[in-house]
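Residue numbers (this note's numbering), protein chains in the order written: chain A, 1356 to 1529; chain B, 1356 to 1529. For every residue, glycine included, the Cβ atom is placed at its ideal position computed from N, Cα and C. All of these numbers come straight from a predicted model, not from anything done at the bench. Contents: one structure, followed by commentary.
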DNA sequence: GACGTTTCCGAACACAGTGTTCGACAACGT
DNA sequence: ACGTTGTCGAACACTGTGTTCGGAAACGTC
């Protein structure tokens, strides 16, 4: 009974798809709510009945995937980078739209928080606060991710995970 | 004879100062051109005689500092991270406004390019493309920088440079 | 299949912010 | 004291936002 009405599902799904399409075509910043409405063929008032603004739609579009990523990380918290790379590889289209250079930086920030939280409890280096170590690694991992996305996912996720392990030997986490 | 007119200097300086102030107070994204005009007490048409938009003002405000940073890096290209940290420490107010979390991400992107270019020619790790190594390190360094800024420059620049050296021992660059 | 409910549409609206124009005036450097 | 150049301020057209509301259509349920 939670999601009973088909029309609601249809509207939200259509809007999400339109957003992804348009971000890939023209980049998030350049998009207008009206652009999304036209592409999705959804009425203006309908949009605002579902989302507060463009940003809310963006974040909602990432909700499902983020939840799954979080679950995976919770299940195996000792190798968040590997999980992130595999996850992105499985959802290339969405990750390209939301985490690539043309996506809004908001989603990246969320992922940053996710990975940062996981790393903070895994990493330890003598004489350096765990917070700082985690920050360095998280930023590095996301740098690798964005590079990978912008290079069309050349190489598999194992390769990238190997690169990370090679570049950050100061700890056990991968 | 290049910059003869005092009025021009005054206008540009006032606008830059107003921008920095307001970014520190309310964040770049939330700012209106009109806000900047009010704070600087400069006419609307005058603003557009100098800058195409808010973004152009932001980048111009970073021009001087960026040039000096580039010169420093060119002079000692083997330790770009250390130079960046020292540079930020010397210009805390501007860096806080332009590279902190509340600054537009544009300036950060510029710095990213600067550091990335320098690192790409310094780093080498067997079996990993230099491009990827540089991307990882650059992102990590900028992560450290942002963390440092957001923690009010606690510790000196040497400390942060030491942290970086400790976390990224896969190369000689510091 | 008929029902009451929920959602959607679409047009209208007020509003905020952008970037441009122009004439009058003031400040400038020489 | 001069001609030049920058600034002001008000007006304007324009784009995009977020809201409102009544009528129509689709929905789930019984």
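Contacting residues, own chain, Cβ-Cβ under 8 angstroms from residue i (five flanking each side not counted)
i, result
"residue 1455(A)", "1501, 1504, 1505"
"residue 1394(A)", "1373, 1376, 1377"
"residue 1512(A)", "1437, 1440, 1441, 1443, 1444"
"residue 1417(B)", "1449, 1453, 1462, 1465"
Proximity test, Cβ basis, 8 angstroms: residue i and chain A
i, result
"residue 1440(B)", "no"
"residue 1493(B)", "yes"
"residue 1414(B)", "no"
"residue 1483(B)", "yes"
"residue 1388(B)", "no"
Status (buried if at least 16 other CB within 10 Å, exposed otherwise) for residue i
i, result
"residue 1479(A)", "exposed"
"residue 1363(B)", "exposed"
"residue 1494(B)", "buried"
"residue 1387(A)", "exposed"
"residue 1524(B)", "exposed"
"residue 1434(A)", "buried"
"residue 1459(A)", "buried"
"residue 1431(A)", "exposed"
"residue 1383(B)", "buried"
"residue 1411(B)", "exposed"
From the options, residue whose alpha carbon lies closest to that of residue i
i, options, result
"residue 1490(A)", "1498(B), 1407(B), 1446(B)", "1498(B)"
"residue 1481(B)", "1448(A), 1492(A), 1520(A)", "1520(A)"
"residue 1522(B)", "1507(A), 1492(A), 1423(A)", "1492(A)"
"residue 1462(B)", "1403(B), 1415(B), 1436(B)", "1415(B)"
"residue 1375(A)", "1392(A), 1361(A), 1360(A)", "1392(A)"
"residue 1422(A)", "1366(A), 1483(A), 1470(A)", "1470(A)"
"residue 1380(A)", "1361(A), 1404(A), 1451(A)", "1451(A)"
"residue 1413(A)", "1359(A), 1517(A), 1472(A), 1368(A)", "1368(A)"
"residue 1396(B)", "1360(B), 1411(B), 1371(B), 1383(B)", "1371(B)"
"residue 1467(B)", "1483(B), 1425(B), 1457(B)", "1425(B)"
"residue 1385(A)", "1457(A), 1488(A), 1515(A), 1496(A)", "1457(A)"
"residue 1402(A)", "1365(A), 1429(A), 1487(A)", "1365(A)"
"residue 1473(A)", "1429(A), 1510(A), 1404(A), 1406(A)", "1429(A)"
"residue 1488(B)", "1487(A), 1517(A), 1488(A), 1483(A)", "1517(A)"
Assigned secondary structure, residue i (DSSP; H/G/I helix, E/B strand, else coil)
i, result
"residue 1397(A)", "coil"
"residue 1527(A)", "With a pLDDT of only 43 at residue 1527(A), under 50, the local geometry of the prediction cannot be trusted, and the value read off the model is given with reservation. It is coil, neither helix nor strand."
Beta carbon proximity, residue i to chain B, threshold 8 angstroms
i, result
"residue 1459(A)", "no"
"residue 1498(A)", "yes"
"residue 1522(A)", "yes"
"residue 1480(A)", "yes"
"residue 1378(A)", "no"
"residue 1487(A)", "yes"
"residue 1490(A)", "yes"
"residue 1518(A)", "yes"
7 angstroms Cβ shell around residue i - same chain, five flanking residues per side excluded
i, result
"residue 1485(B)", "1475, 1478, 1479"
"residue 1399(B)", "1392"
"residue 1515(B)", "1440, 1499, 1503"
Proximal residues to residue i (C-beta, below 6 angstroms), its chain only, five neighbours per side dropped
i, result
"residue 1409(A)", "1388"
"residue 1356(A)", "Its pLDDT being 46, under 50, residue 1356(A) is placed unreliably by the model, and the measurement read from it follows with that caveat. If we look at residue 1356(A) and ignore the five residues flanking it on each side, it has no Cβ neighbours."
"residue 1508(B)", "1447"
"residue 1427(A)", "1438"
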